[in-house]
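Undergrad:
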Amino acid sequence: MEMEGNVYRAHCLVLAYPAQGHINPMMEFSKRLEHKGVKVTLVITKSISHTMDKEANSIPFETISDGYDEGGVAEAESIHAYLERFRRVGSQTLTELIEKLSNSGCPVDCVVYDPFLPWALDIAKKFGLVGAMLFTQSCAVDNIYYHVYKGVLKLPLSETEIFLPGSPPLRPQDMPSFIYDLGSYPAYFDMVVGQFSNVDKADWVLVNTFYELEEEVVDWMAKIFPLRTIGPTIPSMFLDKRLEDDKDYGLSIFKPETDACMKWLNGRPRGSVVYVSFGSFVDFQVEQMEEIAWGLRMSNRCFLWVVRTSEEAKLPKNFVEETSEKGLVVSWCPQLKVLAHEAVGCFVTHCGWNSTLEALSSGVPMVAIPYWSDQSTNAKYTMDVWKMGLKAPVDEKGLVRREIAEHCIREIMEGERGEEIKKNALKWRKLAKEAVDEGGSSDKNIEEFVAKLVHS
Ligand code: UDP
0 MEMEGNVYRA
10 HCLVLAYPAQ
20 GHINPMMEFS
30 KRLEHKGVKV
40 TLVITKSISH
50 TMDKEANSIP
60 FETISDGYDE
70 GGVAEAESIH
80 AYLERFRRVG
90 SQTLTELIEK
100 LSNSGCPVDC
110 VVYDPFLPWA
120 LDIAKKFGLV
130 GAMLFTQSCA
140 VDNIYYHVYK
150 GVLKLPLSET
160 EIFLPGSPPL
170 RPQDMPSFIY
180 DLGSYPAYFD
190 MVVGQFSNVD
200 KADWVLVNTF
210 YELEEEVVDW
220 MAKIFPLRTI
230 GPTIPSMFLD
240 KRLEDDKDYG
250 LSIFKPETDA
260 CMKWLNGRPR
270 GSVVYVSFGS
280 FVDFQVEQME
290 EIAWGLRMSN
300 RCFLWVVRTS
310 EEAKLPKNFV
320 EETSEKGLVV
330 SWCPQLKVLA
340 HEAVGCFVTH
350 CGWNSTLEAL
360 SSGVPMVAIP
370 YWSDQSTNAK
380 YTMDVWKMGL
390 KAPVDEKGLV
400 RREIAEHCIR
410 EIMEGERGEE
420 IKKNALKWRK
430 LAKEAVDEGG
440 SSDKNIEEFV
450 AKLVHS
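The opening position of the sequence shown corresponds to residue 0 in numbering that gives the first Met the number 0, with each subsequent residue numbered one higher.
1) Between F60 and T40, is the Cβ-Cβ spacing less than 9 Å?
2) Please report how far the alpha carbon of N444 lies from the alpha carbon of P225, in whole angstroms.
3) Examine ligand 1 and report whether any of its heavy atoms sits within less than 8 Å of the Cβ of Y248.
4) Going along the chain, which residues of its own chain have a beta-carbon closer than 8 Å to the beta-carbon of I190, five neighbours each way excluded?
5) With distance defined between alpha-carbon atoms, name the residue in D258, P164, V319 nearest to V477.
6) Using 9 Å as the threshold, is the C-beta distance between S64 and G89 below it?
7) Ligand 1 heavy atoms versus the CB of F134: any closer than 8 Å?
8) Indicate the three-state DSSP secondary structure (helix, strand or coil) for M261 in the structure shown.
9) Excluding the 5 residues preceding and the 5 following S298 in the sequence, name in chain order all residues of the same chain whose CB lies nearer than 8 Å to its CB.
10) Give the DSSP-derived three-state secondary structure of I233 in the structure shown.
11) Kindly indicate which three-state DSSP category H10 falls into: helix, strand or coil?
12) Would you kindly report the start and end of the unbroken beta strand (DSSP E) that includes T348?
13) At the level of alpha carbons, what is the spacing between F237 and G344?
14) Quick check on DSSP: helix, strand or coil for R227?
15) Taking only heavy atoms of ligand 1 into account, decide whether any of them is closer than 8 Å to the Cβ of G351.
16) Among V6, L303, W427, A378, which has the Cα closest to the Cα of G270?
17) Which value, in whole angstroms, describes the spacing of the CA atoms of R400 and V393?
18) Quick one: is the Cβ of A18 within less than 8 Å of any heavy atom of ligand 1?
19) Candidates V129, Q374, E310: which alpha carbon is nearest K200's?
20) Nearest-angstrom Cα distance between D141 and S46?
21) From the DSSP output, in three-state form, read off S176 for me.
22) Can you tell me where the alpha helix (DSSP H) holding Y81 begins and where it ends?
23) Quick check on the DSSP output: the beta strand (DSSP E) that includes F134 runs from which residue to which?
24) To the nearest angstrom, how far is it from the Cα of M25 to the Cα of D218?
25) Flag this pair as yes or no: are the beta carbons of R227 and V204 separated by less than 9 Å?
26) Pick helix, strand or coil for I43, following the three-state DSSP scheme.
27) Under 9 Å between the Cβ atoms of A9 and S279?
28) For the structure I just gave you, are there three or more beta carbon pairs, one from the region 433-448 and one from the region 230-248, closer than 8 Å?
29) Mark L208 as exposed unless 16 or more other C-beta atoms lie within 10 angstroms of its C-beta, in which case mark it buried.
30) Per DSSP, T208 forms a beta bridge with which residues?
31) Relative to the C-alpha of C260, which candidate in G249, C332, T322 has its C-alpha closest?
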């Protein structure tokens, strides 16, 4: 088998769910596979491919259709309708893609897919291919959804403490929002629980985490599934540096204001800046945005705040002008570079799984203001298990008030607790790097995956 003139060991199709936080891990796992001699074709939807800045992308990609080629989910009448049509049209176009690649002399050996799209496994099996699901959320969260799927964790939650194997006791509000706020997003609830619908057919269950981070729950789930940890899927340059060109994820939905951010950070004292970002989806109420804005101002620290264009109108009037001496507000930034910058001392985050792993891998303490989905669980672990940050408490309206935001930032930047958290942050940074470096837990697992693929 040839790969750019070289022999390749196998060909993997890597199918990503169309969202920034799902494409990034698929992209990085693809690069790790390629580094080990596997040919990879990344598969994204046509609709998301229009919105992406693909300049730095090194992995060849192909598209399939979700049935909404212009606007993706935004074009659909409901989330349910979107996912249903995606299943139907996606199955058909994925089938066509596999056939096309086979006919062009580049047959596929394995489909790696996001379990948000479980139908991909059915297609892989129809062709007799190896099927590997790759969870892009934490193993703790996957375990919660598994228990709901099995009917062991009964809903609605009635206990004040929930005990699951491999997890510390969890309060209802530590659970993913689709579980504790049952009925809030029924289509997404079905999707996250449905990840396990055909898991018994999967040859591999890969998880974007690392063993040392989630040892107990990984050990527990590995007794049930052929589970391997392969993360954190972060560009090599920020971890082990073995993949020379891997400096960036390579596919971005928004255009980062890189120069403005880096110039602004350069020269600021070490650990003096609060970096604030809530990822690609979070859609806070105006009141919550205002509270965060006030909290930041009251903390009296320099801050770099990513406010997506769609969220801009929620900022208090004249906020940007009035805080321009202390703060910079941008519409998107190169988050990994920002977290790696020595000026950054604290990350106010929604605790999306990628952001959490990125903070752990860069050793930046977090103030968690989770919004929905798995973020509350990630925030709980960040504070109580990894002891790498604080989960900001909410009031009876579910909002983090300005005094609380200010207090949490001060705790991390100035408090005694902050010192402890910083120590832990450095520990996690070291362990994350070791996991993906040669002979580390994730590296060994990827090696095993590739070796079996070659011999299957
Ligand atoms: N990100 C970025 N620039 C920003 C904000 C976020 O590059 O200004 C990236 C971040 O590094 C992460 C991803 O977007 O890889 C967000 O994923 P996450 O799982 O944290 O949150 P989601 O967007 O899925 O809610």
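Glycine is no exception: its CB is placed at the ideal position from the N, C-alpha and C atoms.
TA: The short version:
1) yes
2) 11 Å
3) yes
4) It is Met, not Ile, that sits at residue 190 in the sequence shown. Cβ within range, chain order: L82, F115.
5) Since the first residue of the chain shown is 0 and the last is 455, residue 477 is not available in this structure.
6) yes
7) no
8) helix
9) V273, A404, E405, I408, R409, M412
10) coil
11) strand
12) 343-348
13) 17 Å
14) strand
15) yes
16) L303
17) 7 Å
18) yes
19) V129
20) 27 Å
21) helix
22) 78-102
23) 129-134
24) 23 Å
25) yes
26) strand
27) no
28) yes
29) With the sequence shown as reference, residue 208 is identified as Thr, and Leu is not the correct amino acid for it. It counts as buried.
30) Looking at the DSSP assignment, T208 forms no beta bridge with any residue, so it has no partner.
31) C332
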